[in-house]
Structure formats: structure tokens, C-alpha cells
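Just so you know, the protein sequences line up as chains A and B, in that order. The numbering of the first sequence is numbering that gives the first Met the number 0, which starts it at 0 and goes up by one. The numbering of the second sequence is numbering that gives the first Met the number 0, which starts it at 0 and goes up by one. Ideal placement from N, C-alpha and C gives every residue a C-beta, glycine not left out.
Number of protein chains: 2
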Amino acid sequence: MSEAVEGREALALLEHARDVVGPELRASVETLPGPLRRVAMYHFGWEHADGSPADGATGKAVRPALVLAAARAFGGDPGRAVRAAVAVELVHNFTLLHDDVIDDDTTRRHRPTAWTVFGVPDAIIAGDALFALALRVLAEDRHPASGPAIERLTACVVELCAGQQADCAFEERAPHDVSLDECLTMAIAKTGALLGCSCALGALYAGATPERTSALDAFGREAGLAFQLIDDLIGIWGDPGRTGKPAGADLAARKKSLPVVAALGSGTPAGEELAALYGAPMSPADILRAAEAVERAGGRDWAQHQAAERMGVAVQELSRAVPDLAAAGDLLALAEFVTRRTR
Amino acid sequence: MSEAVEGREALALLEHARDVVGPELRASVETLPGPLRRVAMYHFGWEHADGSPADGATGKAVRPALVLAAARAFGGDPGRAVRAAVAVELVHNFTLLHDDVIDDDTTRRHRPTAWTVFGVPDAIIAGDALFALALRVLAEDRHPASGPAIERLTACVVELCAGQQADCAFEERAPHDVSLDECLTMAIAKTGALLGCSCALGALYAGATPERTSALDAFGREAGLAFQLIDDLIGIWGDPGRTGKPAGADLAARKKSLPVVAALGSGTPAGEELAALYGAPMSPADILRAAEAVERAGGRDWAQHQAAERMGVAVQELSRAVPDLAAAGDLLALAEFVTRRTR
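Below is the structure:
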């Protein structure tokens, strides 16, 4: 399998991951008891709300693809890492179920979120069950890396929780009150940690040394932060043709995204102007002014440079972990894919 | 340690478990990142809402005591099973945090529930973090039983989720629509599974065979169901002096508890009368009539007999698991303690 995959581009790697991991993922979810299974099957896009089969508007499978690519990069058999790939995807989806409840989000992957269909209690419980299932899949795996993988994944979930908690708390605080450092830590925890952990699990399953495993974890984290910075830029200036996200969406919600927090902390008049605008709900004209203020305060440049810098660090960590650049190619392709959208 | 504990009664076993497990439990919780730690410290009763130290109205530690007693019963060193005891108590408290959100409960251990103090998002996230921590504590344990313990505990959490989901779903259904079988399955999942798992983990940590481990799991499950039946009787006829629970509380909430479901399915005129009363909110006089109807329909007798029968099965399973009755004494004392309250 390794030969057939090498050299393909990121989209092919993702499709391959969905093909290889999808059936095992679905088989795991199908072991859940009745009503929990139904909530989970709906959430994954495999069933409609009434339980009839659906096409499966499942996620892109970035995390499973990272697990498999990391295993390949260390000369491991990615086929033996499929359970690890299933586990990270289950964890990712457990957090989505809970985050949608917590953030009161009503749409996910162009469909009504699970809690809007089945109620908050069932969405919380189904999330808990997916998390338990993730660990169960790893624990039942007879692979020698199973134990260390569980250690890493549970530590990662604690960090994910801290990130989600910080994100909620920031929304409650005054615009000037959130520091850029806090914001970066939150973004690494909420977005980088599971991408890094996915890479680390693939490495562990291929028998990589602790040092290389940690370097690959750092690669995933840094790439994750670069992704978040670019996502935040899209949330302000948009890329509606490709993402369906309207320009200004994050500003309208007065989100304390990274470019905004950088602008607020810039000590510039434009930063003050932005803080004033963020003090109350904004009209469409205000939103345009806020976007301009972020730019004048240097928030846009900062985020773009920061994203490039983080990708640079990611590539350094990758070359520390996998010195053979040919073997690292798939991981690099995936990292570039997730951060490519505005480039 | 084993000699000093043998022969003491259940209260001493529980106190001993709190002494031995409490510091490790607290040390684990203190590893959580800031705001999550604060929610958890409050939930466990170690801190007030403002973060100042509190007495610690922590739970009775039934589950940790079962882990230690099970390890002792198989000749193991209970000191080596402390992490397993910490893990089951963390899982128990993760479910309490989520259940209080789901059931909209405002009081727990005579204090406002965490979600009423910190908000629903923080309570959900803190619950997730405690669950992750539970598995992390086990995964980081170098004991050879750590892997099998994780398998059992994650399978148990899936069952707990199914039980909690069923419990919520029953409340939405018409009185006649819930069968006694469904209700018993729900009670075993929601109450029995974690008690059984606690026993099984102690057995695994003492190197018990799979057969004996399973028998001890069954012991805990059956004792747990007996406990639930007795708790349901208290929820109708009360034992206010000892529990603080007013008589009729479960009837006032029109809960589909086991004696009620037995009465509703009895095919008796009293069962019909109860169904009619359950069709609408009840006055205090109605609640008294409902309690009498449950009794006339045979629900009270059924529950009492069923509880005794389940305890009988529990004792049989215990003697299959631990033929030496002296070694099984502590487990029996704990099982009798949790089901003793009305006797």
C-alpha cells in the first residue's frame, strides 16, 4: 500500500484515509447501544435524523490521514495503525458533539447539529460514549504501542478541554482583557493538540523513538496553529468561494480571534477604534470598519507572518523527526493542505 | 494493611478507602489546568465556589472501597490498586457532573451543583476532563493489569451512557409504555455496571483469573441492582431520618422507578389507578394515593422480593469468585452496607 500512496497529493491521501479508516470507524460506532448509535450515526452523516441511510458527509479525515502518514514516514505498516486512526477521529467527533452544545451551534457540515435534532442530553451522552469508544478501540488493540497511545491521547483530551474552556471564557471577557499569549495557548490546545497527537500516535505505532515522536507531535501542533491563524484570517476577510464562510463572520460575532487580539493589543489608534467597535453589536458598515481597523492595527500582517513562521517551525520539527525528506512527503503535503486555503 | 482492615465493618472500610485513595484522587485532580481544576475541586467539595478551601463533602467512596476490597479478597496488595480506585472514582464523578446538567439537578451532596455555579459549558468540559484523567491515571500506571482495566472501564462507560440515555428517554414516554425489563436493564447499566467494574478492576489488579473477575463483576452488578431497588423504595416511602429524602419525592416527580413500573405493568385495577394519577401533576393527596396504589398493585412487595433475590444472586457470584468466605468478608460487608438503609 505504501508505494501506491507515495507521491500522491493531499486530496488523494485524505481519500485513501477515508477508504481505509471509514469502514473500521463505522464498525466501531455500530457497536454502540441503540439510541446512542443513532445519534452518532446521524452526527457522522451516515444516517438521516429518521434513521434512514445517508451519503455520509463525514469530515475530511485529516487526523486519520496524519496517523497513517506518520506511521508510513517511520517505515511502519499503516494498516496496523488503523485503530489509532479510528481513535483520533472518534475523539475529534466527541469534541464536536460537545462543542456544538456548548457553543450553541446549530449547523455542522451543512446539516443541523445533533443536539438540535436529538436534544442536548442525548448529544452530551453520545459524545461521552464516542470518547469511551475511542479509548476502548485503542485498549482492545493488541499492538505494543496501544498503552503509550492511550497515555498520549488522554493527556491530549485534557488539553483539548482546557482549550475549549479558555475559548468559552475569552468570549465572556472584555476585548482588552485577553492577551495574545493566552490566545495562542488556547489555539494550540484547541486545534494543535489533536493534530499533534495524531502524528504522535502514527509514530508510536511505527515504533519511533520518544524523541522523534515528540518532534512529530510538535510538527502537528505548529501546523495546527498555522491552520488556525489562516482560518481566523478567512473568518475576517473571507474566502467565500471555497469555504462558504461569508467575509466578516467572526467580526459580526465579535470573536476574539488571533488577528483581532493582536490588533487590540497593538497600542495603535486603530486598535482603540477596534476596541470601541467591539464594545457593542455592529452594523454591516461597522463590520467593514472593524476589518479595516484590524488591518491598520497590524493584525492581518501579524497573523500572516505568524502563520508562515509556524509553518517554518513545523517543517523544522518534521525534518528532526523524519530526516529523509522523501519519507516525510505525505506529512508535509497534509500540513500544507490544511493551511493552503488562502494561498 | 490487610490484617488491620479485616473484620472491620463497612463504615471503617469506607473511611479507610477515603484515607488511602483521597490524597491520590486529589493529587490527580490538581494536575488539571486552572479553570477546569477549579470546577473539579468545587465538585469534589475540596473548595468553595470562590476557590477557598472547603471541608470536602466528597462522596462515600463506595467504588474505591470495592476496588481495594476486591484486590484484598484475591490476596493482592491493595496499595498497588490505588490508581484503579482513583480511576473509578473519577469516572463516577464525571458522570455526576454530566448527569446533573442533563437532569437539571440543582443540588448534590447538600451543595449547589457545579453547573449552577460555573455554568453548563464548564460543567460539561470539567466532566470530560475528569473522564480523560481517569483513563490517563490507569494508562500511566505501570501495573500489568492497567491495559485490561482500561478495556473494562471504557466498556463500562459505554454502558453507563446507555443507561443514562435510557433513563432520560423513559421520562419522556407514557407511563404504560416502559416495560419492567427495559427498566431493569437501565438500572443495571446506570447503577450496577460501575459497581461491578470497580470489583472487577480490584480483581484484575490482584491477578484474578478472567472467570473469577467476571463473577466478581456480576456480584457488583447484582448488589448494585439491589441497591437501586431499595433506593427506589426509599424514593416512595422514604427514610427521611437517615437520607434526608422526603417520602414521595420520586412520585411527586412522576419518576418511572422500578416499583412504579412493576405496579403499572401489574394488570391490576390499582395499576390503572396509578397510571391515571401519573398522567398529570399530583397534589400531596394524590401522591399519597399513588403510593398506596403502588403498594396495592404489588409494586412494593415485588421490589422488596426482587432486592432480596438480587442480593442472593450477588452472594452466589461472590462465592464463585472468592470461595474463601473469610477473604470475601469485606466485599460482603460493603454490599450489605449499600443495600442496608431500609433494613
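Handout entry: Interface partners of L31 (chain B) on chain A, CB under 9 Å
Key = The answer, in chain order, is V157, C160 and A161.
Handout entry: 8 Å contact criterion, which A60 (chain A) and A70 (chain A) should meet: CB distance rounded
Key = With 8 Å as the limit, A60 (chain A) and A70 (chain A) do not qualify as a contact, their Cβ atoms being about 15 Å apart.
Problem - Strand pairing of T106 (chain B), partner residues [DSSP] - result: Partner(s): B:P111.
Problem - Short CB-CB distance (under 9 Å) between S1 (chain A) and chain B - result: For S1 (chain A), the pLDDT reaches just 42, beneath the cut-off of 50, and the residue's location in the model is therefore unreliable, although a value from the coordinates is still provided. Taking a beta-carbon distance threshold of 9 Å, S1 (chain A) does not count as an interface residue toward chain B.
Handout entry: Inter-stretch contact (C-beta, 8 Å, three-pair minimum) for the segment 12-28 of chain A and the segment 140-160 of chain B
Key = Counting Cβ pairs under 8 Å, fewer than three are found: no touch.
Handout entry: W236 (chain A): first and last residue of the uninterrupted alpha helix (DSSP H) it sits in
Key = Per DSSP, the unbroken alpha helix (DSSP H) holding W236 (chain A) starts and ends at P209 to W236.
Problem - Extent of the continuous alpha helix (DSSP H) to which M185 (chain B) belongs - result: Here the alpha helix (DSSP H) through M185 (chain B) covers L179 to A186.
Exercise for the section: Give every residue of the same chain whose Cβ lies closer than 7 Å to the Cβ of L179 (chain A), excluding the five residues on either side of it in the sequence, and list them in chain order. Expected result: Within the same chain, L179 (chain A) has close Cβ partners V260, A261 and G264.
Exercise for the section: Could you tell me which chain A residues have their CB closer than 8 Å to the CB of T105 (chain B), listed as they occur along the chain? Expected result: Listed along the chain, the chain A residues whose CB falls inside 8 Å of the CB of T105 (chain B) amount to none; the nearest CB is some 16 Å away.
Exercise for the section: Indicate whether at least one CB of chain B lies closer than 9 Å to the CB of F43 (chain A). Expected result: With respect to chain B, the C-beta atom of F43 (chain A) has no partner C-beta closer than 9 Å.
Handout entry: Neighbour flag for V87 (chain A) against chain B, beta carbons, 9 Å
Key = Chain B, which has no Cβ nearer than 9 Å to the Cβ of V87 (chain A), makes this no.
Practice task
Decide if R309 (chain B) is buried, meaning its Cβ has at least 16 other Cβ atoms within 10 Å, or exposed.
Solution key: By the neighbour-count rule (16 or more Cβ atoms within 10 Å), R309 (chain B) is buried.
Problem - Validate contact between the segment 191-198 of chain A and the segment 215-224 of chain A using beta carbons, cut 8 Å, 3 pairs - result: Touching, yes, given that three or more Cβ pairs across the two stretches are closer than 8 Å.
Exercise for the section: Measure from the C-beta of D216 (chain B) to each C-beta in chain A and report whether the shortest distance is under 9 Å. Expected result: Under the Cβ distance rule, D216 (chain B) does not count among the residues neighbouring chain A, no pair being separated by less than 9 Å.
Practice task
Spell out a yes or no on whether the segment 267-284 of chain B and the segment 300-307 of chain B are touching, meaning 3 or more CB-CB pairs, one atom from each, closer than 8 Å.
Solution key: Between the segment 267-284 of chain B and the segment 300-307 of chain B, the count of Cβ pairs shorter than 8 Å is below three; the stretches do not touch.
Handout entry: Inter-residue spacing [alpha-carbon to alpha-carbon] between G328 (chain A) and A186 (chain A)
Key = If you draw a straight line from the Cα of G328 (chain A) to the Cα of A186 (chain A), it is about 26 Å long.
Problem - Buried/exposed call for P143 (chain B), threshold 16 Cβ in 10 Å - result: Sixteen is the threshold: since fewer than 16 other Cβ atoms of the shown chains lie within 10 Å of the Cβ of P143 (chain B), the residue is exposed.
Handout entry: Selection of the segment 113-143 of chain A by Cβ proximity to chain B, strictly under 9 Å
Key = Considering only beta carbons, the part of the segment 113-143 of chain A lying closer than 9 Å to chain B consists of G118, V119, P120, D121, I123, I124, A125, G126, D127, A128, F130, A131, L132, A133, L134, R135, V136, L137, A138 and E139, in chain order.
Handout entry: L31 (chain B) - containing alpha helix (DSSP H), residue span
Key = Careful: L31 (chain B) lies outside any alpha helix (DSSP H) and carries neither H nor E.
Practice task
Would you list the residues sitting across from P52 (chain A) in a DSSP beta bridge?
Solution key: Answer is A:E46.
Problem - As assigned by DSSP and simplified to three states, the class of G201 (chain B) - result: Reduced to three states, the DSSP call for G201 (chain B) is helix.
Problem - Closer than 7 Å at the beta carbon, the chain B residues around H97 (chain A) - result: Going along chain B in sequence order, the residues near H97 (chain A) (Cβ under 7 Å) are I123 and D127.
Problem - 7 Å Cβ shell around Q164 (chain B) - same chain, five flanking residues per side excluded - result: Result list for Q164 (chain B): empty, nothing under 7 Å.
Exercise for the section: With DSSP collapsed to three states, give me the class of K59 (chain B). Expected result: K59 (chain B) falls in the coil class under three-state DSSP.
Problem - Within chain B, the residues that T153 (chain A) reaches when beta carbons sit closer than 7 Å - result: Contact annotation for T153 (chain A) against chain B: A131, L134, R135 and A138 [CB-CB distance below 7 Å, chain order].
Handout entry: 7 Å Cβ cut-off: residues of chain A touching P34 (chain B)
Key = Proximity of chain A to P34 (chain B) at the Cβ level (cut-off 7 Å) is accounted for by Q164 and A168, in chain order.
Practice task
Compare the C-alpha of L183 (chain B) against each of B:I149, B:E8, B:L134 and B:L224 and name the closest.
Solution key: Looking from the CA of L183 (chain B), the closest CA among B:I149, B:E8, B:L134 and B:L224 belongs to B:L224.
Exercise for the section: Give a yes or no on whether the C-beta atoms belonging to L228 (chain B) and V293 (chain B) are separated by under 9 Å. Expected result: No, Cβ-Cβ distance for L228 (chain B) and V293 (chain B) is not below 9 Å.
Exercise for the section: Express the C-alpha separation of A39 (chain A) and R82 (chain A) in angstroms, rounding to a whole number. Expected result: Across the structure, R82 (chain A) and A39 (chain A) are spaced so that their CA atoms are roughly 18 Å apart.
Handout entry: Per-residue burial, R172 (chain B) [other beta carbons within 10 Å of its own, 16 or more giving buried]
Key = It is exposed - the Cβ of R172 (chain B) has fewer than 16 other Cβ atoms within 10 Å.
Exercise for the section: Measuring only between beta-carbons, confirm whether I101 (chain B) sits less than 9 Å from chain E. Expected result: Protein chains A and B are contained in the structure displayed, whereas chain E is not.
Exercise for the section: Taking C160 (chain A) and D127 (chain B) to be in contact with their CB atoms under 8 Å, please state how far apart those CB atoms are, rounded to whole angstroms. Expected result: Rounded, the Cβ-Cβ distance is 5 Å, consistent with contact.
Handout entry: Residues near A86 (chain A) by beta carbon distance below 6 Å, same chain, minus five either side
Key = Within the same chain, A86 (chain A) has close Cβ partners A133, V136 and L137.
Practice task
Taking only beta-carbon positions, decide if S145 (chain A) is within less than 9 Å of chain B.
Solution key: At least one chain B Cβ lies under 9 Å of S145 (chain A).
Handout entry: Contacts of E150 (chain A) in chain B (Cβ-Cβ under 8 Å)
Key = Residues of chain B with a Cβ closer than 8 Å to the Cβ of E150 (chain A) are, in chain order, R135, A138 and E139.
Problem - Beta-carbon proximity check, G146 (chain B) vs G146 (chain A), cutoff 9 Å - result: Closer than 9 Å, so yes.
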